[in-house]
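Number of protein chains: 4
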Amino acid sequence: MIAILATGGTFDKQYNELAGALAFKDTHVPEMLRLGRCRVDVEVRQLMMIDSLEMTDADRGTVADACLSAAESRIVITHGTDTMVDTAKAIAARTIDKTIVLTGAMVPYAFGSSDGLFNLGSALSFAQILPAGVYIAMNGRAFPWDNVRKNRETGVFEGL
Amino acid sequence: MIAILATGGTFDKQYNELAGALAFKDTHVPEMLRLGRCRVDVEVRQLMMIDSLEMTDADRGTVADACLSAAESRIVITHGTDTMVDTAKAIAARTIDKTIVLTGAMVPYAFGSSDGLFNLGSALSFAQILPAGVYIAMNGRAFPWDNVRKNRETGVFEGL
Amino acid sequence: MIAILATGGTFDKQYNELAGALAFKDTHVPEMLRLGRCRVDVEVRQLMMIDSLEMTDADRGTVADACLSAAESRIVITHGTDTMVDTAKAIAARTIDKTIVLTGAMVPYAFGSSDGLFNLGSALSFAQILPAGVYIAMNGRAFPWDNVRKNRETGVFEGL
Amino acid sequence: MIAILATGGTFDKQYNELAGALAFKDTHVPEMLRLGRCRVDVEVRQLMMIDSLEMTDADRGTVADACLSAAESRIVITHGTDTMVDTAKAIAARTIDKTIVLTGAMVPYAFGSSDGLFNLGSALSFAQILPAGVYIAMNGRAFPWDNVRKNRETGVFEGL
């Protein structure tokens, strides 16, 4: 059993056609799991729906608390890419004996050409196999939380 | 370094608009890796482009040979779902000391609502972590080759 | 008020993932009208759901009858491209005093890269303005039924 | 021969994945014409690539000038929906003896679920048939410039 904690980020941005702007409604994770014909036993919990640039320390605390209190020992977190590493660090600081994998997307799932479905398949797979620890799954790879950064020029996650 | 061996299957079917029928051209794997912003070090080899219902024993031999002769010790094979288990069995019979993961799709990648991108992300992730052996990665899960079947009524892969 | 008569064709083909083959279920026209935010007053009637290569003279009679008996004086017919001209001819033979526009698609709407939405927007627009007569709307153009053929090498409709 | 003048608007917005925001690059009109298998003789000119809320009187003058100086007597203009009616008015004030049809989209073409392709098919068709005048083609309908408004609560264009 895997818990999927949705926090928002580009992954879940959609286009509000009346406002002509990007916005959040509900997470697309359940729809993506259906599209991927996923049969992993998962439970999706929507913790918040925000841009990760607006995530506060209190928000990161909420995410870490949710990891701690979850009955599941394997957790996937969908998250904005800009501060994904910061949240991974905040979770790791709590020394939780679980496999926790953060993932996200560079392009919103709702926009056709997204990497979100690839990343979700990747994160769910890593979460089933990797030993306890906090990881970031992006670009098809899994990085330990303390050996990864987002290269802001290329938009790619890389080791330090 | 991971080798991706493309053999065809639903994964790579496309719509031939002059014939009004499904057909194969080249594999979509490179385009899918771009869409997934994949930065895993991979090499894609197109072994054949056929429906897995038309795959002969000789074809399965070609796939097993390609696994054996590959310089890479981690291999992903894209394959039609109907006889994926048979090919996994044929490869396992050769006792190759590599991690070999077969995957595919229930809906062609070219048709918008495909599970292919999810499955490719999943298979590439399993292939990086699982120990030597032959596996099938479908529906977000990884099955050892000798404990899996495709349920033809539901289209879902399940343990025996 | 415009009647939309759906008969099938590539327009409405979808992928049956259990059979691994193209198939018809219900017409996609209502979904396409929603996507196009269409506010033209229309009524959609599904006459049949077949490949136009399998359309018999009796089927063409059914389509012509439906044109004749429709309360609406403006009609759009979605149809397979292969015998669209034959059906247009069969309708024209009945000298119906209405504006009747046949359209279709080279790629199924369900397959992402379809011309169907473009053609539906085009056909509905021509149907609102053109005088009584039988027309084919494809490739952004409207052709009178007796001055059009499908070029089978290019897949494009052209004047004689 | 029809001139297509691209000015930007939601139609042409795309997602800048490094900035995590909506942005303009080049117009998608040529790609959309390819997707629609359009064989109408058109020439696409990109006048500007801006949000119509930022369009100035000078910009509207540029659009009207381009209509006036175009060799073609039939013109389609792609435009943001928010001030499309204002630009139509500015063009009509110049009494140009041509058929000029403005269209746009409520959702960016690049985002999968767009009405853009439907609207482009519609606008190009109306532009071929309607007499000289300035029109707005949205929601499958064509409105004279002086009898149309965008209902901001529903996002739908309607007569006055």
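Chains as they are written, first to last, in the numbering used here: chain A, 6 to 165; chain B, 6 to 165; chain C, 6 to 165; chain D, 6 to 165. We put the beta carbon where it would ideally sit given N, CA and C, even for glycine.
For chain B, find out if any of its Cβ atoms is closer than 8 Å to the Cβ of residue i; answer yes or no.
{"i": "Leu73/C", "result": "no"}
{"i": "Val161/A", "result": "yes"}
{"i": "Leu125/C", "result": "no"}
{"i": "Ala147/A", "result": "yes"}
{"i": "Pro113/C", "result": "yes"}
{"i": "Asp64/A", "result": "no"}
{"i": "Asp120/A", "result": "yes"}
{"i": "Gly109/A", "result": "no"}
{"i": "Glu22/C", "result": "yes"}
Residue i: which of the options sits nearest, CA to CA?
{"i": "Asp46/D", "options": "Ile96/D, Tyr140/D, Pro35/D and Leu107/D", "result": "Pro35/D"}
{"i": "Arg157/D", "options": "Thr88/D, Ala75/D, Cys72/D and Met60/D", "result": "Thr88/D"}
{"i": "Arg154/B", "options": "Leu129/B, Ile105/B and Thr92/B", "result": "Thr92/B"}
{"i": "Ala28/B", "options": "Gly25/C, Pro149/C and Phe29/C", "result": "Gly25/C"}
{"i": "Met53/C", "options": "Val68/C, Cys43/C, Gly126/C and Asp62/C", "result": "Val68/C"}
{"i": "Thr83/B", "options": "His33/B, Ala75/B and Leu23/B", "result": "His33/B"}
{"i": "Thr12/A", "options": "Ala115/A, Ala75/A, Gly85/A and Arg44/A", "result": "Gly85/A"}
{"i": "Leu168/C", "options": "Ile101/C, Val49/C and Ser130/C", "result": "No statement about residue 168/C is possible, as the shown extent of chain C runs from 6 to 165 and does not include it."}
{"i": "Ala142/A", "options": "Val161/B, Ala75/B, Ser127/B and Tyr20/B", "result": "Ser127/B"}
{"i": "Ala161/B", "options": "Asn144/A, Leu73/A, Ile105/A and Leu40/A", "result": "Looking at the sequence itself, residue 161/B is Val, so the reference to Ala does not match. Val161/B has its Cα closest to that of Leu40/A, out of Asn144/A, Leu73/A, Ile105/A and Leu40/A."}
{"i": "Tyr140/D", "options": "Lys30/D, Phe16/D and Val81/D", "result": "Val81/D"}
{"i": "Pro149/D", "options": "Tyr114/D, Gln51/D, Thr104/D and Leu38/D", "result": "Thr104/D"}
Exposed or buried, residue i, counting other C-beta atoms within 10 Å across all chains shown (16 or more means buried)?
{"i": "Arg146/B", "result": "buried"}
{"i": "Leu165/C", "result": "exposed"}
{"i": "Lys18/C", "result": "buried"}
{"i": "Thr159/C", "result": "exposed"}
{"i": "Arg79/C", "result": "buried"}
{"i": "Thr61/D", "result": "exposed"}
{"i": "Asp64/B", "result": "buried"}
{"i": "Leu23/D", "result": "exposed"}
{"i": "Asn152/B", "result": "exposed"}
{"i": "Arg42/A", "result": "buried"}
{"i": "Met6/B", "result": "exposed"}
{"i": "Ser130/A", "result": "buried"}
{"i": "Ala8/B", "result": "buried"}
{"i": "Asn21/C", "result": "exposed"}
{"i": "Gly66/B", "result": "exposed"}
{"i": "Ala76/A", "result": "exposed"}
Please report the residue range of the beta strand (DSSP E) in which residue i lies.
{"i": "Phe202/B", "result": "The structure shown does not extend to residue 202/B, since chain B spans only 6 to 165, so no value can be given for it."}
{"i": "Asn156/D", "result": "Arg154 to Asn156"}
{"i": "Val49/C", "result": "Val47 to Ile55"}
{"i": "Ile9/A", "result": "Ile7 to Gly13"}
{"i": "Ile141/A", "result": "Gly138 to Met143"}
{"i": "Lys18/D", "result": "Lys18 to Asn21"}
{"i": "Glu163/C", "result": "Val161 to Glu163"}
{"i": "Phe148/C", "result": "Arg146 to Pro149"}
Do we get a CB-CB distance below 8 Å when we pair residue i with the residues of chain D?
{"i": "Arg44/C", "result": "yes"}
{"i": "Gly166/A", "result": "Here chain A has residues from 6 to 165 only, and residue 166/A is not among them."}
{"i": "Gly138/C", "result": "no"}
{"i": "Leu129/C", "result": "yes"}
{"i": "Gly164/C", "result": "no"}
Tell me which residue opens and which closes the alpha helix (DSSP H) that residue i is part of.
{"i": "Arg39/B", "result": "Val34 to Leu40"}
{"i": "Thr67/B", "result": "Asp62 to Ser74"}
{"i": "Phe131/D", "result": "Gly121 to Ile134"}
{"i": "Met111/A", "result": "Met111/A -> no alpha helix (DSSP H), and no H or E assigned at all."}
{"i": "Thr83/C", "result": "It is not in any alpha helix (DSSP H) - Thr83/C instead sits in the beta strand (DSSP E) that spans Arg79 to Thr83."}
{"i": "Lys94/D", "result": "Met89 to Ala97"}
Looking at chain A, is there any beta carbon in it that lies within less than 8 Å of the beta carbon of residue i?
{"i": "Ile134/B", "result": "yes"}
{"i": "Gly25/B", "result": "no"}
{"i": "Gly85/B", "result": "no"}
{"i": "Asn156/B", "result": "no"}
{"i": "Leu40/B", "result": "yes"}
Using a C-beta cutoff of 8 Å, does residue i count as contacting chain C?
{"i": "Phe116/D", "result": "no"}
{"i": "Asn144/D", "result": "yes"}
Taking contact to mean at least 3 C-beta pairs separated by less than 8 Å, is the segment 90-102 of chain B in contact with the segment 104-114 of chain A? no
Below 8 Å, can you find three or more Cβ-Cβ pairs linking the segment 117-125 of chain D to the segment 112-127 of chain C? yes
Check whether the segment 43-57 of chain C and the segment 74-89 of chain C touch, using three or more Cβ-Cβ pairs below 8 Å as the test. yes
At a cut of 8 Å, does the segment 127-140 of chain D reach the segment 127-139 of chain C through at least three beta carbon pairs? yes
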